[in-house]
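Participant: Sequential numbering from 465 applies to the sequence shown in this note's numbering.
Idealized CB from N, CA, C, for every residue including glycine.
It should be emphasised that the depicted structure is a prediction, and the values quoted were computed from it without experimental measurement.
Next up is a structure, given as structure tokens.
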Amino acid sequence: MAKSNTVSKKELHQILTKNGEDIKEGEVESIYNRICGNYPKMISSMQEATDTKTIVHTVKRVILNGAAANLGKINKENKLSIEEQRRILKETMKMIIEVLAGLTPDEYCKLYCAKINDMLKVDNLKNDIISLAPVEILTECCFDSKRILFKSVFPEYYEKNFPKIIDVDIFFASGELKSGMKHRARPLNEFEMDNKSKRVNYGNEIDKIIYNNVRSLLMEKSNYDYRDVLFFFSHWELLVNNTKTKKPGFYEIIEERDCYEHPLDFFFINSPFEEQVKYMDEYIKIRSSIKNLGKNPQIDFMYRSFCENREYFYKKANDINPQKT
């Protein structure tokens, strides 16, 4: 193993400490002996036996009972299903972490960082698992890469040890949670595809996550009514400064979406149709009062259409939910 990809006992101690872990006596020594001592020898002997170039391909070949040295070749000829590709990737990761590196899911979770993944040669494997994860897992994990990996590969450990993401986590999104959502929220052009030729933008799903959680925090737990929330979104900077709280992390994710001029637009546009009808006039009035926010041709057109067809929109909203109109 190249020197640049190894870690010292001191670095292992620093990683554990940085991740906020309580370090037991002998824990650093034990982990160091496994991943810096035994692991390189085991992968070297495996690769010599199977004559493959990388540890990931070596383990895939073992899992596939030596059917082929290159999973890409199997994909092309036999057209493995997405489910089968996921299975192979997950079993490969489990074998590398638990069998070769000798780490428990808990130990790997404590050590999890770019340096360790690079040293274990699983960084690309991790990315492949995340890129093929079903949308249900992506949204449950709110696009946090570490959560997605553990939910996919070590589901039992994940359920017991990862706390559920709640609305305040989304409101003040930070770290991997914020960066994961920002990355997947970026607008795409026709050239922005991943290595599976699949679009990697999940903007609509991210809008739903943010809207539902922020609405829950403000309207259900803080007892704001809809008008209060419109006021909050139109004056969020002033409110944050006055209460001396930090900038809501969800706002940075909205900015990354690059399709909303202002957080107020985000909240209103993602609201249910019947609420849009009920509060359209107030939304437009509040929006026009925001400094440095110019007119938007699309919103102006939407409001003109609404004004010209009020009775139609009121009736349609009432048909959808009579109690809210």
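Could you give the first and the last residue of the continuous alpha helix (DSSP H) run that contains V599?
Facilitator: As a working note, residue 599 is residue 135 in the sequence shown. Counting along the chain, the alpha helix (DSSP H) containing V599 begins and ends at V599 to E604.
Participant: On the three-pair Cβ rule with 8 Å, is the segment 670-687 touching the segment 610-628?
Facilitator: The segment 670-687 is not in contact with the segment 610-628.
Participant: With a 10 Å radius around its C-beta and 16 neighbouring C-beta atoms as the bar for buried, classify T518 as buried or exposed.
Facilitator: The residue given as residue 518 occupies position 54 in the sequence shown. Classification of T518: exposed, given that the 10 Å Cβ count is below 16.
Participant: Between the C-alpha atoms of I593 and R550, what's the straight-line distance to the nearest angstrom?
Facilitator: Counting from 1 along the sequence shown, the entry for residue 593 is found at position 129. Counting from 1 along the sequence shown, the entry for residue 550 is found at position 86. Near 7 Å, if we compare the C-alpha coordinates of R550 and I593.
Participant: Which full runs of the beta strand (DSSP E) of 3+ residues lie inside the segment 606-694, going along the chain?
Facilitator: Runs of the beta strand (DSSP E) inside the segment 606-694: none found.
Participant: Please go through the same chain and pick out, in chain order, the residues whose beta-carbon is closer than 8 Å to the beta-carbon of T481, but skip the five residues on each side of it.
Facilitator: In the sequence shown, residue 481 corresponds to position 17, counting from 1. Excluding sequence neighbours, T481 sits near I487.
Participant: Tell me, please, whether the segment 775-785 touches the segment 728-743 by the rule of three or more beta-carbon pairs shorter than 8 Å.
Facilitator: Enough Cβ pairs lie closer than 8 Å, so yes.
Participant: Thinking C-beta only, is F697 closer than 8 Å to F731?
Facilitator: In the sequence shown, counting from the first residue as 1, residue 731 sits at position 267. In the sequence shown, counting from the first residue as 1, residue 697 sits at position 233. Yes.
Participant: Three-state secondary structure (DSSP) at S472?
Facilitator: Here residue 472 refers to the residue found at position 8 of the sequence shown. If DSSP states are grouped into helix, strand and coil, S472 belongs with coil.
Participant: Output the distance between the C-alpha atoms of I546 and L553, rounded to the nearest integer angstrom.
Facilitator: The residue labelled residue 546 in the question sits at position 82 within the sequence shown. The residue labelled residue 553 in the question sits at position 89 within the sequence shown. Approximately 11 Å between the Cα atoms of the pair.
Participant: What distance in whole Å lies between the Cβ atoms of N625 and I577, which are believed to be in contact at a cut-off of 8 Å?
Facilitator: Within the sequence shown, the letter at position 113 stands for residue 577. Within the sequence shown, the letter at position 161 stands for residue 625. Here residue 577 is Cys; the residue named in the question, Ile, does not match the sequence. Not confirmed; about 17 Å, so no contact.
Participant: Which same chain residues, not among the five before or five after V523, have their C-beta less than 7 Å away from its C-beta?
Facilitator: Here residue 523 corresponds to residue number 59 of the sequence shown, with the count starting at 1. Once the five neighbours on either side are set aside, the close Cβ partners of V523 are T556, M559 and I560.
Participant: Just to check my reading of the structure: I674 and F714 have Cβ atoms closer than 8 Å, yes? What is that Cβ distance to the nearest angstrom?
Facilitator: Along the sequence shown, read from residue 1 onward, the residue named residue 674 stands at position 210. Along the sequence shown, read from residue 1 onward, the residue named residue 714 stands at position 250. Rounded, the Cβ-Cβ distance is 5 Å, consistent with contact.
Participant: Please say whether L641 and D608 have beta carbons closer to each other than 8 Å?
Facilitator: As a working note, residue 608 is residue 144 in the sequence shown. As a working note, residue 641 is residue 177 in the sequence shown. Contact: yes.
Participant: Excluding the 5 residues flanking C605 on each side, which residues of the same chain have their C-beta closer than 6 Å to its C-beta?
Facilitator: As a position in the sequence shown, residue 605 is number 141, starting the count at 1. Around C605: R611, I612 and K615.
Participant: With the cut-off set at 8 Å, would you say C723 and P651 are in Cβ contact?
Facilitator: Locating residue 723 in the sequence shown gives position 259, where the first residue counts as 1. Locating residue 651 in the sequence shown gives position 187, where the first residue counts as 1. Yes, the pair counts as a contact, with Cβ atoms nearer than the cut-off.
Participant: What separation, rounded to the nearest whole angstrom, lies between the Cα atoms of V693 and Y743?
Facilitator: Within the sequence shown, the letter at position 229 stands for residue 693. Within the sequence shown, the letter at position 279 stands for residue 743. Approximately 11 Å between the Cα atoms of the pair.
Participant: If you draw a straight line from the alpha carbon of A544 to that of L602, how long is it in whole angstroms?
Facilitator: Sequence index remark: in the sequence shown, residue 544 carries index 80 (1-based). Sequence index remark: in the sequence shown, residue 602 carries index 138 (1-based). Here the sequence assigns Leu to residue 544, which means Ala is not the residue at that position. About 22 Å.
Participant: Relative to the C-alpha of E719, which residue among P761, M645 and C500 is closest?
Facilitator: Locating residue 719 in the sequence shown gives position 255, where the first residue counts as 1. If we check each option's Cα against that of E719, M645 comes out closest.
Participant: Should E571 go down as buried or exposed, given a rule of 16 or more other Cβ atoms within 10 Å for buried?
Facilitator: As a position in the sequence shown, residue 571 is number 107, starting the count at 1. Result: buried.
Participant: Is the beta carbon of L681 sitting closer than 8 Å to the one on F635?
Facilitator: As a working mapping, residue 681 is identified with position 217 in the sequence shown. As a working mapping, residue 635 is identified with position 171 in the sequence shown. A contact, by the Cβ cut-off of 8 Å.
Participant: Between which two residues does the alpha helix (DSSP H) containing S494 stretch?
Facilitator: Working through the sequence shown from its first residue, we reach residue 494 at position 30. E491 to Y496 is the extent of the alpha helix (DSSP H) around S494.
Participant: Helix or strand or just coil, what does DSSP make of A781?
Facilitator: For the purposes of this step, residue 781 is identified with residue 317 of the sequence shown, where counting begins at 1. Of the three classes helix, strand and coil, the one that applies to A781 here is helix, per DSSP.
Participant: Classify D729: buried if its beta carbon has 16 or more other beta carbons within 10 angstroms, exposed otherwise.
Facilitator: The sequence position of residue 729 within the sequence shown is 265, counting from 1. When all chains shown are included, D729 counts as buried.
Participant: Using a Cβ-Cβ cutoff of less than 8 Å, which residues in the same chain neighbour G501 once the five nearest sequence positions on both sides are dropped?
Facilitator: Residue 501 sits at position 37 when you count from the first residue of the sequence shown. Excluding residues within five positions, none has a Cβ falling inside 8 Å.
Participant: For my contact list, I717 and A597 are in at a C-beta cut-off of 8 Å; report their separation, rounded to the angstrom.
Facilitator: As a first step, residue 717 must be located in the sequence shown, where it is residue number 253. As a first step, residue 597 must be located in the sequence shown, where it is residue number 133. Contact doesn't hold; Cβ gap of about 19 Å is too wide.
Participant: Sorted by chain position, which residues of the same chain lie with C-beta nearer than 7 Å to P727's C-beta, five sequence neighbours on each side aside?
Facilitator: Residue mapping note: residue 727 aligns to position 263 of the sequence shown, counting from 1. Hits under 7 Å: F697, W700, Y715 and I718.
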